[in-house]
Amino acid sequence: MFSYRIIFYKKERTLRFIRPHVPWLCESFTKQFYLNKIKQYYSTKNDKKRKLVNCVAKVNRNKRDKSKKDIKNDIELEKNKISLEDMSTLYPYPSNILSNIYSIVTTELDKKELYKKEYIKCKYEELPWKCILTVSWPKEEVFKGAGKSKSSAASDASLKCLYWLHKQDKVIHGKPVIYTIKEIKARYMQSIPIYLDSEILEEVKKLLQIYETNVKNIIESPKLKDDSFTIPEKNSPDIKLCLRDNRRNESLKKRLLEKNNMNDDLPIFRYREEILQKLEKNNILLIRGNTGCGKTTQVPQFILDSYIRSGNATDCNILVSQPRRISAVSLAERISFERGESIGDVVGYSIRLEQKYPQFPGGILFCTTGILCQIIEGNPNLIGYSHVILDEIHERALDIDFLFVLFKRIISNNPFLKIILMSATVNTDMFVKYFNCDTIDIEGKMYPVKMHFLEDFKNKLPSLKIKAKPNFDESYISKDIKLEMIQFKDIVNLVKWIIDNKPPGTILCFLPGWHEIKILDKLLNNDILLKHKLFIIPVHSKLSIINQERVSSVVPEKNTKIILATDIVETSVTIPDVVYVIDIGIKNSPMWKNNKLYIGYQKISQANIQQRKGRAGRLKAGESYHFITKEEYNNLCPNPIPEILCSSLEEIAIKIKCHTNEKVETFCENMIEKPNKIAIETAIKTLQLLNIIDSDENLTPLGKRLSLLHVHPMLGKALILSTIFKCTAPILSIVSLYSIDQDIFANILYSKSSKKNIKKEYHETSDHLALAALCDEWKNYLDESFHKIDPFCRDMNINPLRVKLYAKIRRMISEQLQISGIQNHYDDFPSTDDSTDEFEMHQSKNTYCEEIIYGIILSSTNMLLQCYDISYQQNMYKKKCKLKNECDQTVIVSSESVNHNKEFQPNSYFVYFYGANFQTYSYMQVYDTSILSPLTILLFGQGSIDNKTSDNSNNESTIILTIAEKKVLRFSCTPETAKILISFREVIWSVVDYFITINDRPTNDEFKLMNEYRSELLQVLSKMLDARNKYLLYSV
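First residue of the sequence shown: 1354, per my numbering; consecutive thereafter.
Structure follows, in structure tokens:
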């Protein structure tokens, strides 16, 4: 039940439309009805009409504190108050409205001749025409009207019919009310029938008997808890903790004396002694320096070289963390080059998929923040390391805020460790206060960049003259983009002004996303004065690497290179020749709103603006133009919103539980900025519903295994379940694809439908299995002949580098699965080091059906879409397929999905891993979906289940399944089938829990019996779901 108030003003009087106690199904309609009345009030000068609207407002205002019975009586009274004359005021064109109403009803009910008009010529001169109007909905009725003409006679009869429909509650605001509230609720709450073959039921009964006789005692045995899985110890990189290695000390000292300093001109060299002195006196030091000052490459060398000079090189073991993999590798290679050494000697790196460790002791290891978290997990106090450098802390990634808490604790336990924090922004007071540390400010090696705010250049811009018609619909732009926030035409004006009035130079324009990049690109290309002068390069994370490499290309002198980019260029991509920066001051980023994670427009921070400004001035003096005023700049947040405040926290919660036994919220209270309490509670609730942590927030056996897989908890659970259901190969492919952070398809931003068409070649109803099959075919071509790979990638529009990255991640995750111990639970499991592929083929062949894959996805995510055959559109309920998610939010399937724009039967269901909520839309968008059967949902859906036998003579039972305490589903079947299915579901998950809980592969007879029973169970399960899947596909 909802209550709301609509307020508008007229001549210093406040009028309110109050609508309390509205049933949820009609809320949006009623709200829209009164909003339309307000619009109608303003759009007419008819006093009678305004009087009627005021009357409706007054009646509703008096309902505020009345009982339901009083309100019902008032509604009846209100209906009687509206006279036929009032109807003519509300509906000035009754014939058209009535014709439209019955046209809608005819289409909706698929019935003909619901509405018929006949005209009769009369003898009366005043009213010579008579109209007889016959209707068959909602029941048969005849209305007669008279008039001077056919049209006036029809209007008279139509008005009487409208009045009758109004009194029957069958028309509201000119739209038919085809379905009652009761009918609508019935459609939303109807049960899904389930039928099973008698042969399958008999096989399930036999399995249940075997379970009771032989299996139940093993699963419920107290010793199973004693043998439960424990997390194996994690080893950090091999640091030989010897007292002294004189040979290495002397070797490194000799090399240092022969070394030529290549970068003596960097600003950081002027601060070398000050840095070393402050490190001697402090455990934590913050170094602030602009881009180009040399802090990242030189500070680790200053520290190591000081130890080498004193003959104590082996006492110096430095960890340097970077937020991105490419930075960790490139910096390690750069420093090795400067020192005249090879990677793996003094300097090394460790990133996901690749490691080249230095020869500790006496070395520098570059790594990502994620790898640093893993090192600390294996070595909680970082014993053996002398220094840790945390770079780019101003970016405030999730891992950085997490590491801040760990560092404060490590320092108290390991006073010999030195921690150096490095930031590229001047707004670092928060870090100084949090760590209570000393600071050093380094001046950067940059050319001056003059900063212009909106008031500085707004009046200088020329008028926009686009003679060629733009090849896009401006109404479409205004629907999706807030034009008052993004001044596209002013940006074009500014580009034109820079080209005409400033020295030549590359222009870099920051935009929120791909949609805005496309709009500005089209505007620039449609300006006759500009299009021949510009060389436009779009930059987006989803574009191909080759496209992004174009940013460094040299263009002819007569052209100006203009780069249209998202904030990826703010940090990840460097463009040396940028002279002019255009910044609209907005970005697309995640945010918490109404207890939900959204993607939407946000103003950037002062630090972001300084960072964007700093993209110019690398090779010569530059200028930056910002589409905000100086006053607006001063009111911006000093720093960007950290990820911890605008991200889901499931992954960080798992990390917290791996490092400490304390509650997640307690740990978060020690962070530099505490996350949203609702976000913390949502993460904990999600993990508990997925059985990853228990009610005391301790890791369950599933959670312990999952902590060894460096993937999202939902993906990790799917992997672990896939090993138990013997279908690892496809799930491993799906999880690996979701873990590479980029789409394997090339340039999908230009054509999403091409991606859909390619996937359809591999599967008609599942994006997940289509992608897995596509990657399998790529692997087959790779094994068959290397020369066939490139043509295949071109034909399938696959990015070769990304699919190779997928293959590496797939192998890495497979190895992590082996470390988790779950893969050891198979008969005849190969024991060789290169047995991953053999394992997948061995346990996947002919042991699963597709429905089991979908069931695993459902049980790992609790994410489910349901197709309803009725939806609310244009102020009325109509029969139209509408998807809703597990939270009853409307869902749109992306155009890149194989299930986009398909017509499905009512109560069709889909599983998905990921959906995006956007600030500008009320619906959620889902990208990859798979259709699954109701029986799969019943057996795999995680949640409470109840069985109710109906009192009628149908001899039916209703199984009620509540998924994730949100989505309620009803299944109808015979009482016997209901009992068997619920028991079978319980047996399936008790067997799953056994294999998750058991520690290592036992060799006793009990395990052999359990393995045999699981094989029989999977065969029956596959047979049951295969039969239902064939029926489902046939009905679709």
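Built from N, CA and C at the ideal position, the CB exists for glycine as well.
Across the set LEU2370, LYS2109 and ASP2148, the C-alpha of LYS2109 shows the shortest separation from the C-alpha of SER2248. In this chain, the alpha helix (DSSP H) harbouring ARG2163 covers 2153-2172.
Pairing ASN2150 with ILE1981, the inter-Cα distance amounts to about 41 Å. Of the residues LYS1483, PRO2259, MET1440 and VAL1488, the one whose Cα lies closest to the Cα of TYR1516 is MET1440.
Beta-bridge pairing by DSSP links CYS2326 to SER2310. In the structure shown, the three-state DSSP call for SER1977 is strand. In the DSSP annotation of this structure, the continuous segment of the beta strand (DSSP E) that includes GLU1471 starts and ends at 1468-1474.
Taking a contact to require three or more Cβ pairs closer than 8 Å, the stretch 1964-1975 and the stretch 1932-1943 qualify as touching. VAL1495 is bridged by DSSP to THR1487. Bounds of any alpha helix (DSSP H) do not take in GLY1737, whose DSSP letter is neither H nor E.
Between the alpha carbons of ILE1661 and GLY1647 lies a gap of roughly 21 Å. Only buried fits PHE1784, as 16 or more other CB atoms lie within 10 angstroms of its CB.
LEU2378 is positioned such that its CB atom lies closer than 8 Å to that of LEU2288. Nearest C-alpha to PRO2259 among PRO1546, LYS1464, ASN1854 and GLU1478: PRO1546. By the Cβ neighbour-count rule, ARG2367 is buried, with 16 or more other Cβ atoms within 10 Å of its own.
By the Cβ criterion, the stretch 2114-2128 is in contact with the stretch 2277-2287, since at least three pairs of Cβ atoms, one from each stretch, lie closer than 8 Å.
Here TRP1482 is bridged, per DSSP, to LYS1474 and GLY1500.
Residue burial annotation: TYR1472 is exposed, with fewer than 16 other C-beta atoms found within 10 angstroms of its C-beta. Under the three-state reduction of DSSP, PRO1447 is assigned to helix. ASP1463 counts as exposed, since fewer than 16 other beta carbons sit within 10 angstroms of its beta carbon. Residue state for LEU1917 is assigned as strand, using DSSP reduced to three classes.
Around the CB of GLY2294, 16 or more other CB atoms lie within 10 Å, so the residue is classed as buried. Fully enclosed beta strand (DSSP E) runs of no fewer than 3 residues occupy 1740-1743 of the stretch 1736-1775, in order along the chain. Runs of alpha helix (DSSP H) with 4 or more residues, each lying fully within the stretch 1987-2059, are found at 2003-2012, 2017-2021, 2030-2042 and 2054-2059, listed in chain order.
Note on geometry: alpha-carbon atoms of SER1776 and GLU1686 lie some 22 Å from one another.
Cβ-Cβ separation between GLY1527 and TYR1444: approximately 7 Å, consistent with a contact (criterion under 8 Å). The closest CA to that of ARG2323, considering only ARG2338, SER2336, ILE2298 and ILE2333, is found on ILE2298.
Fewer than three pairs of CB atoms, one per stretch, sit closer than 8 Å, so the stretch 1539-1553 makes no contact with the stretch 2016-2034. Close CB contacts of LEU1619 within its chain, under the 7 Å cut and outside five residues either way in sequence, are with CYS1646, GLY1647, GLN1651 and LYS1798 (chain order). The C-beta of MET1542 has fewer than 16 other C-beta atoms within 10 Å across all chains shown, which makes the residue exposed. Collapsing the DSSP output to three states places LYS1966 in a helix. For the pair of segments examined, the stretch 2334-2347 was found not to touch the stretch 2233-2244: the number of CB pairs separated by less than 8 Å stays below three. Burial state of ASP2358 is exposed, judged by a 10 Å Cβ sphere holding fewer than 16 other Cβ atoms.
ILE1997 places its beta carbon 8 Å or farther from that of SER2060. Each residue's CA atom was taken as its position, placing TYR1710 and LEU1883 some 52 Å apart. In this structure, DSSP gives VAL2344 a helical state, which the three-state scheme calls helix.
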